[in-house]
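Encoded as structure tokens, the structure appears first; notes follow it.
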Amino acid sequence: DAKTTQPPSMDCAEGRAANLPCNHSTISGNEYVYWYRQIHSQGPQYIIHGLKNNETNEMASLIITEDRKSSTLILPHATLRDTAVYYCIVRNTGNQFYFGTGTSLTVIP
Amino acid sequence: DTEVTQTPKHLVMGMTNKKSLKCEQHMGHRAMYWYKQKAKKPPELMFVYSYEKLSINESVPSRFSPECPNSSLLNLHLHALQPEDSALYLCASRLRLPNTGELFFGEGSRLTVL
Chain A
3 DAKTTQPPSM DCAEGRAANL PCNHSTISGN EYVYWYRQIH SQGPQYIIHG LKNNETNEMA
63 SLIITEDRKS STLILPHATL RDTAVYYCIV RNTGNQFYFG TGTSLTVIP
Chain B
1382 DTEVTQTPKH LVMGMTNKKS LKCEQHMGHR AMYWYKQKAK KPPELMFVYS YEKLSINESV
1442 PSRFSPECPN SSLLNLHLHA LQPEDSALYL CASRLRLPNT GELFFGEGSR LTVL
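Order-wise, the sequence lines are chains A and B.
Letter by letter, the first sequence follows residues 3 to 111 of the working numbering.
Letter by letter, the second sequence follows residues 1382 to 1495 of the working numbering.
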């Protein structure tokens, strides 16, 4: 099963784009990449997911490299409410969602 | 209704107690999950139910006993727990088919074992 690695923490200025990287070098062809965030100790909140094409929704964009070994979550205009722990997750073909260690993003005024 | 509801929100129990955590969803999801999250750690997968049948048990100790009595309800029965089992227990659900959807999480049940 693919594991993910993420930097433990990042800062981003309010209004700027936040780019959060994730490595999943052992991902296999049918495994999806998901991103969630968690604020304090609330339940994780879904952000976006993809297989191999880049994806965009109202919250974020997901860029997946052509070899699928890494991805980047982009929050285009970070606000203070985006301060949270962001998790990159690989869902395997057995429908198991394994969380990475997460990146604690702090948006600075 | 796009909610996963977990009760109780907080639970304190002794090591000899028997208690249960409850999770409910009315989105027609047929896959339900239990995760355990210790402080400052990512959620760890415990169990997965698919169409009310246990499909994945991540080698969880038997003092945790899951139950899925119907497609909307998921329970986690707790017995003879240890203080190190204190954690936030998260329930999640998703559509089983098509097999491309996301997990919807509840707000969790915070368990303290004395």
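All C-beta atoms, glycine included, are put in the ideal place defined by N, C-alpha and C.
Computed from a predicted model, the values in this text were never measured in an experiment.
Which residue wins for smallest C-alpha separation from S27/A, given the options T108/A, T6/A, N21/A, H79/A? Position 25 of the first sequence, counted from the start, is the residue given in the question as residue 27/A. That would be T6/A, whose Cα lies nearest to the Cα of S27/A.
Closer than 9 Å, Cβ to Cβ, to anything on chain A: give me those residues from the segment 1455 to 1481 of chain B, in chain order. L1469, L1471, C1472, A1473, R1475, R1477, N1480, T1481
To the nearest angstrom, report how far apart L1455/B and L1476/B are at their CA atoms. To locate residue 1455/B, count along the second sequence from 1; it is residue 74. To locate residue 1476/B, count along the second sequence from 1; it is residue 95. Computed Cα separation, rounded: 15 Å.
Should N25/A be counted as a contact of the ligand PLP given a C-beta to heavy atom distance under 7 Å? The ligand PLP is not among the ligands present in this structure, which contains no ligands whatsoever.
What do you reckon, are the CB atoms on Y89/A and Q40/A nearer than 8 Å? Counting from one through the first sequence, the residue named residue 89/A turns up at place 87. Counting from one through the first sequence, the residue named residue 40/A turns up at place 38. Result yes, Cβ atoms of Y89/A and Q40/A sit closer than 8 Å.
Given this structure, state the Cα-to-Cα distance separating G52/A from N1398/B, to the nearest angstrom. Here residue 52/A refers to the residue found at position 50 of the first sequence. Here residue 1398/B refers to the residue found at position 17 of the second sequence. Near 43 Å, if we compare the C-alpha coordinates of N1398/B and G52/A.
Using a Cβ cut-off of 7 Å, pull out every chain A residue sitting near E1483/B, in sequence order please. Within the second sequence, the letter at position 102 stands for residue 1483/B. Within 7 Å Cβ-Cβ: Y36, Y48, H51.
Chain B contact for T1/A (CB, 8 Å cutoff): Residue 1/A is absent from the model: chain A starts at 3 and stops at 111.
My guess is that V35/A and V92/A are in contact by the Cβ rule of under 8 Å, so how many angstroms apart are they, rounded? Within the first sequence, residue 35/A is the residue found at index 33, counting from 1. Within the first sequence, residue 92/A is the residue found at index 90, counting from 1. Sure, about 6 Å apart at Cβ, within 8 Å.
Give the interface partners of G1395/B over in chain A, defined as CB-CB distance under 9 Å, in chain order. Residue mapping note: residue 1395/B aligns to position 14 of the second sequence, counting from 1. Those do not exist, as G1395/B stays about 23 Å from chain A at its closest Cβ, beyond 9 Å.
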